[in-house]
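Novice: Quick note: the sequence shown, position 100, residue 109 per the numbering used here, numbers continuous. What follows is a single structure, and I will ask about it in a moment.
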Amino acid sequence: MEVVGPNARGDPFVWGDEDTPYPVRHSHPYALSKAQAERLVLDANGATVAGGRRLRTCALRPTGVYGEGHPLLARLLRGGRAGRLLLLPPNAHHSRVYAGE
């Protein structure tokens, strides 16, 4: 489900945006379709529409979305209990977005 990734080479991607160069080859058609749709939306920015008005577009890339019923937190807890914690470097930035009740 990624537009930016996957990051197969492990290159840093810090404070990037839609204009940040990032070489990627999507391995799944769904991820590729998301990347193509984002490109269409961004390319449409500034287009003239009915009445001579200008279209304004943007692409949002929420990361780490979680909420009630999402399996992510349960998987993290199970991994921790089994001694398989994923530890990030101290300087790593990772955002989570809560989308629940």
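For every residue, glycine included, the Cβ atom is placed at its ideal position computed from N, Cα and C.
1. Using 8 Å as the Cβ pair cut-off and three pairs as the minimum, do the stretch 100 to 110 and the stretch 59 to 76 touch?
2. Would the beta-carbon of arginine 62 fall within 9 Å of that of asparagine 54?
3. Is asparagine 54 helix, strand or coil by DSSP?
4. Arginine 84 lies in the alpha helix (DSSP H); which residues open and close that run?
5. Based on the DSSP output, what are the partners of arginine 63 in its beta bridges?
Specialist: Taking the coordinates as given:
1. Contact check between the stretch 100 to 110 and the stretch 59 to 76: three or more CB pairs, one atom from each, fall below 8 Å, which counts as touching.
2. For the 9 Å CB-CB criterion, arginine 62 and asparagine 54 do not form a contact.
3. Asparagine 54: coil per DSSP, three-state reduction.
4. Element bounds for arginine 84: 80 to 90.
5. For arginine 63, which the question treats as bridged, DSSP gives the partners Thr57.
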